[in-house]
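Note sheet for the following structure.
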Amino acid sequence: MITLTSDFRWPYPAAMRGVLASRTSARLIDVTHRLPRQDVRAAAFWLREVLPYFPPAVHLVVVDPSVGTDRAVAVFAAGDHRFVGPDNGVMVPVARAIDPGFTAWELTDYDAASSTFHGRDVFAPLAADLHETKDWTPSALADVEPVDAIETVTFPSATREGDVILGEVLVVDSFGNVITNIPAQEIDPAFGDTLTVNDESVPFVRAYDAVAPGTPLATIGSHGNLELAVNRGRGTQAFDLSQADAIRVQFDRS
Amino acid sequence: MITLTSDFRWPYPAAMRGVLASRTSARLIDVTHRLPRQDVRAAAFWLREVLPYFPPAVHLVVVDPSVGTDRAVAVFAAGDHRFVGPDNGVMVPVARAIDPGFTAWELTDYDAASSTFHGRDVFAPLAADLHETKDWTPSALADVEPVDAIETVTFPSATREGDVILGEVLVVDSFGNVITNIPAQEIDPAFGDTLTVNDESVPFVRAYDAVAPGTPLATIGSHGNLELAVNRGRGTQAFDLSQADAIRVQFDRS
Amino acid sequence: MITLTSDFRWPYPAAMRGVLASRTSARLIDVTHRLPRQDVRAAAFWLREVLPYFPPAVHLVVVDPSVGTDRAVAVFAAGDHRFVGPDNGVMVPVARAIDPGFTAWELTDYDAASSTFHGRDVFAPLAADLHETKDWTPSALADVEPVDAIETVTFPSATREGDVILGEVLVVDSFGNVITNIPAQEIDPAFGDTLTVNDESVPFVRAYDAVAPGTPLATIGSHGNLELAVNRGRGTQAFDLSQADAIRVQFDRS
Numbered sequence: 007m008i009t010l011t012s013d014f015r016w017p018y019p020a021a022m023r024g025v026l027a028s029r030t031s032a033r034l035i036d037v038t039h040r041l042p043r044q045d046v047r048a049a050a051f052w053l054r055e056v057l058p059y060f061p062p063a064v065h066l067v068v069v070d071p072s073v074g075t076d077r078a079v080a081v082f083a084a085g086d087h088r089f090v091g092p093d094n095g096v097m098v099p100v101a102r103a104i105d106p107g108f109t110a111w112e113l114t115d116y117d118a119a120s121s122t123f124h125g126r127d128v129f130a131p132l133a134a135d136l137h138e139t140k141d142w143t144p145s146a147l148a149d150v151e152p153v154d155a156i157e158t159v160t161f162p163s164a165t166r167e168g169d170v171i172l173g174e175v176l177v178v179d180s181f182g183n184v185i186t187n188i189p190a191q192e193i194d195p196a197f198g199d200t201l202t203v204n205d206e207s208v209p210f211v212r213a214y215d216a217v218a219p220g221t222p223l224a225t226i227g228s229h230g231n232l233e234l235a236v237n238r239g240r241g242t243q244a245f246d247l248s249q250a251d252a253i254r255v256q257f258d259r260s
Numbered sequence: 007m008i009t010l011t012s013d014f015r016w017p018y019p020a021a022m023r024g025v026l027a028s029r030t031s032a033r034l035i036d037v038t039h040r041l042p043r044q045d046v047r048a049a050a051f052w053l054r055e056v057l058p059y060f061p062p063a064v065h066l067v068v069v070d071p072s073v074g075t076d077r078a079v080a081v082f083a084a085g086d087h088r089f090v091g092p093d094n095g096v097m098v099p100v101a102r103a104i105d106p107g108f109t110a111w112e113l114t115d116y117d118a119a120s121s122t123f124h125g126r127d128v129f130a131p132l133a134a135d136l137h138e139t140k141d142w143t144p145s146a147l148a149d150v151e152p153v154d155a156i157e158t159v160t161f162p163s164a165t166r167e168g169d170v171i172l173g174e175v176l177v178v179d180s181f182g183n184v185i186t187n188i189p190a191q192e193i194d195p196a197f198g199d200t201l202t203v204n205d206e207s208v209p210f211v212r213a214y215d216a217v218a219p220g221t222p223l224a225t226i227g228s229h230g231n232l233e234l235a236v237n238r239g240r241g242t243q244a245f246d247l248s249q250a251d252a253i254r255v256q257f258d259r260s
Numbered sequence: 007m008i009t010l011t012s013d014f015r016w017p018y019p020a021a022m023r024g025v026l027a028s029r030t031s032a033r034l035i036d037v038t039h040r041l042p043r044q045d046v047r048a049a050a051f052w053l054r055e056v057l058p059y060f061p062p063a064v065h066l067v068v069v070d071p072s073v074g075t076d077r078a079v080a081v082f083a084a085g086d087h088r089f090v091g092p093d094n095g096v097m098v099p100v101a102r103a104i105d106p107g108f109t110a111w112e113l114t115d116y117d118a119a120s121s122t123f124h125g126r127d128v129f130a131p132l133a134a135d136l137h138e139t140k141d142w143t144p145s146a147l148a149d150v151e152p153v154d155a156i157e158t159v160t161f162p163s164a165t166r167e168g169d170v171i172l173g174e175v176l177v178v179d180s181f182g183n184v185i186t187n188i189p190a191q192e193i194d195p196a197f198g199d200t201l202t203v204n205d206e207s208v209p210f211v212r213a214y215d216a217v218a219p220g221t222p223l224a225t226i227g228s229h230g231n232l233e234l235a236v237n238r239g240r241g242t243q244a245f246d247l248s249q250a251d252a253i254r255v256q257f258d259r260s
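Chains as they are written, first to last, in our numbering: chain B, 7 to 260; chain U, 7 to 260; chain R, 7 to 260.
What follows is the structure, encoded as structure tokens:
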């Protein structure tokens, strides 16, 4: 199985599907091609959320704002999963989540038919070739060399002082839900209580539909962090928040 | 075969694909993940239009504004098709279209890793497990119980008095075509005549391209109902109509 | 293998997938369903860019503004590839790229359940049936007749006088990159030089990221033509250019 992820929208993902299907009969499953454009943090976050649900696969990941420069090509082995993409750190959090001691290879010397579309010319051929090696063995690929240092993407941590947590918007999802970096276990109040989020009092509930349509709420999302949303609306709008904005959460003690 | 439908856009459908692929080697075919957000009428309409064209399959359908509340999980058997999703009526019109006497089961007692993403935590595992039972037998699934009463979605009917039909916009498609609840057989005029739609005279034609580009028209869509459109444009704009708006059609007698 | 391409967005592609899956167990791969609406030039361009990367396949292509009129159904054989879609020229450039002497058949006498959705009612059944014939033989399909004259789409050519090239915007991609009809081999300057594009001086670089984020640039895209872009931005906006706009490129001699 090969999964495909990019920020390409259309039609470029189809060229990658064609290249893959020309070189391997592996099952192809699209993850998404609608990642926010050239946004390594969002890509790293969503890959870590989604790819662990897949069975062992070669994951082709192309969010590549530096295509055509001298950035390297990275290949990771984490458990039975493999990752192929530009060495820009996007694949590191998911590889680490699967296996904290994952191993890395790089390819720095390669030819490409274009300098603007390595998804088609470099990464897809490499992912297909890796899938065709016995046991998906990166070291069997020509010119792929083990490396110690790789680029990485890290997520900011929330900090806590008593009943106040200072965090940040990690990413925003396509529903307009605001996903913070504040883990569920840091939230002392129980569902049904209220939280003060950036000076606004907000019901902390188990389900979006626990409040009336159009009402802002705080909940714990499927990612395990505090999420700010609106029932059947967009949290980004109601809370006026975007990726990387600061969040201040205070517990209301009665 | 398992089909996937939701209003999730990205990246959440990928988590469902991963869960399914981890539990079954069934062929996966995406129907769409771009259904209008949390709109049970539109979902019910499009499922009834599209799913009957598929061969027998387990259809995973997640339009679920009440995720995390006590709404039940529904499993339907209609002919050789199976449906798995929240019990909110969305799957009822298509199940009824395939088999008016379809049978229903529910699951009310279940654990979920999250309260916001049952597509990943409840419905996808259930659809995969159902696909793996012999003959796709819902009663073989643990804790799934037959039920008599289920939630349902119904579509409003048009009414007629002489040469006047009073109807409603059922849904709007992604081309901006306005799909009404007025069946073709209620339209007495022939293609080439004109209709009066909400006081505007409109050519009633067989094909969009029978009028000049930019011209409003009425036709019979692939769903078999009266449709208001613009050749190479958007009917919603020209007719200023949205879902659930009233439509008054009068036949022009010469 | 059957590939699917259209300008349908959702949910209509799903009906085609269902029809195909009901008639053949062929592997189905979506190319894209987000081609610009009813835009035969853009469709012809992208198909020629993408489909040659696929292994031999039956390519179902439905960009069909004249659905329901008397336009014919076309079937092409180019090398080991087959193409099925409306006879409006969209498939000609890719067929010609694969085999300049490709052969064509037409179907002019056919029944369709609808006059607005031949993707579902005519083209998908035909593509599936073609895939099921031995060696994908178009002449084995009932009522399909060889033809000499077919509709065609051609792309305008750039012209050159000394150091000035007069060209045109062929298409715009989903990144907002402006793709011209000026081939790389017409550009005398080397990467690192500047070009004057419509009176604006622009760096001509190998990679988008060779200039600072937000900076306009000219490069050679993966299609082999001059492309006007902005690093991590939209070329269409910075250059104020849309499909079919004129481009005047002058080489800056030092």
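A virtual CB, placed ideally from N, CA and C, is assigned to each residue, including glycine.
Here the structure is a predicted model, which means the values were calculated and not measured.
From the options, residue whose alpha carbon lies closest to that of residue i
i: B:Phe-82; options: B:Tyr-116, B:Ala-133, B:Pro-195 and B:Val-170; result: B:Ala-133
i: U:His-39; options: R:Arg-33, R:Pro-42 and R:Ala-20; result: R:Ala-20
i: R:Ala-118; options: U:Thr-242, U:Gly-230 and U:Arg-240; result: U:Gly-230
i: B:Leu-278; options: B:Arg-166, B:Trp-111, B:Thr-242 and B:Ser-120; result: The structure shown does not extend to residue 278 of chain B, since chain B is modelled only from 7 to 260, so the question has no answer here.
i: U:Tyr-214; options: U:Asp-205, U:Glu-206, U:Ala-224 and U:Ser-207; result: U:Ala-224
i: B:Ile-226; options: B:Pro-219, B:Leu-247 and B:Ile-193; result: B:Ile-193
i: U:Thr-165; options: U:Gln-256, U:Thr-122 and U:Ala-48; result: U:Gln-256
i: B:Glu-157; options: B:Val-128, B:Ser-120 and B:Asn-94; result: B:Asn-94
i: U:His-124; options: U:Val-236, U:Asp-251, U:Val-25 and U:Phe-60; result: U:Val-25
i: B:Ala-48; options: B:Pro-131, B:Phe-14, B:Val-178 and B:Thr-114; result: B:Val-178
i: R:Ala-155; options: R:Asp-199, R:Glu-167, R:Ala-78 and R:Gly-173; result: R:Ala-78
i: U:Phe-236; options: U:Asn-183, U:Asp-199, U:Val-67 and U:Thr-202; result: In the sequence as displayed, the identity of residue 236 of chain U is Val instead of Phe. Among U:Asn-183, U:Asp-199, U:Val-67 and U:Thr-202, the Cα nearest to that of U:Val-236 is on U:Asn-183.
i: B:Val-159; options: B:Leu-53, B:Val-96 and B:Tyr-18; result: B:Val-96
i: B:Arg-126; options: B:Glu-174, B:Leu-232 and B:Val-67; result: B:Val-67
i: B:Gly-168; options: B:Arg-254, B:Ile-104 and B:Phe-129; result: B:Arg-254
i: B:Phe-108; options: B:Ala-84, B:Arg-43 and B:Arg-29; result: B:Ala-84
i: R:Ala-190; options: R:Asn-204, R:Val-211 and R:Asp-251; result: R:Val-211
Contact list for residue i against chain R, beta-carbon separation under 9 Å
i: B:Trp-16; result: Val-37, Thr-38, His-39, Arg-40, Leu-41, Trp-52, Asp-179 and Ser-180
i: B:Ser-12; result: Within 9 Å Cβ-Cβ: nothing; B:Ser-12 doesn't reach chain R, min ~11 Å.
i: U:Thr-225; result: Gly-74, Ser-121 and Thr-122
Boundaries of the alpha helix (DSSP H) in which residue i is found, first to last residue
i: R:His-137; result: 130 to 138
i: R:Leu-10; result: Premise fails: R:Leu-10 lies in the beta strand (DSSP E), 8 to 12, not in any alpha helix (DSSP H).
i: R:Arg-23; result: 18 to 29
i: B:Gly-125; result: No alpha helix (DSSP H) holds B:Gly-125; DSSP gives it neither H nor E.
i: B:Gln-243; result: 241 to 245
Boundaries of the beta strand (DSSP E) in which residue i is found, first to last residue
i: U:Phe-257; result: 252 to 257
i: R:Thr-165; result: 165 to 167
Chain B residues whose Cβ lies nearer than 8 Å to that of residue i
i: R:Arg-212; result: Gly-74 and Ser-121
Rounded Cβ spacing between residue i and residue j (contact assumed at less than 8 Å)
i: B:Leu-57; j: B:Val-100; result: 5 Å
i: R:Leu-176; j: R:Phe-161; result: 6 Å
i: B:Leu-41; j: B:Met-22; result: Not really, about 14 Å apart at Cβ, beyond 8 Å.
i: R:Ile-185; j: R:Ile-171; result: 15 Å between Cβ atoms; not a contact.
i: U:Arg-102; j: U:Trp-142; result: Between U:Trp-142 and U:Arg-102 the Cβ distance is about 19 Å, and since that is not below 8 Å, they are no contact.
i: B:Val-90; j: B:Ser-12; result: Actually they are not in contact, since the Cβ atoms of B:Val-90 and B:Ser-12 sit about 12 Å apart, beyond 8 Å.
i: R:Thr-122; j: U:Ser-31; result: Actually they do not touch by this definition, with Cβ atoms about 37 Å apart.
CB contact check: residue i to chain D, cutoff 8 Å
i: R:Pro-61; result: Absent from the structure: chain D. Protein chains present are B, U and R.
Proximal chain U residues relative to residue i, where beta-carbon distance stays under 8 Å
i: B:Asp-215; result: Pro-71, Ser-72, Val-73, Gly-74 and Thr-75
i: B:Met-7; result: Ala-27
Chain-ordered neighbours of residue i on chain U, where CB pairs are closer than 7 Å
i: B:Ser-228; result: Ser-120, Thr-122, Phe-123 and Arg-126
i: R:Ser-28; result: Tyr-59, Phe-60 and Pro-61
Interface residues of chain B facing residue i [CB-CB closer than 9 Å]
i: U:Val-25; result: Tyr-59 and Phe-60
Amino acids of chain R, ordered along the chain, whose beta-carbon sits closer than 7 Å to that of residue i
i: B:Ala-20; result: Val-37, Thr-38 and Val-56
Chain U contact residues for residue i, given Cβ-Cβ distances below 9 Å
i: B:Arg-238; result: Arg-43, Gln-44 and Pro-71
At 3 residues or longer, and completely inside the segment 173 to 235 of chain U: list those beta strand (DSSP E) runs for me, N to C. 184 to 189, 200 to 203, 206 to 209 and 222 to 226
Quick one: complete alpha helix (DSSP H) runs, 4+ long, within the segment 39 to 118 of chain B? 46 to 56 and 98 to 104
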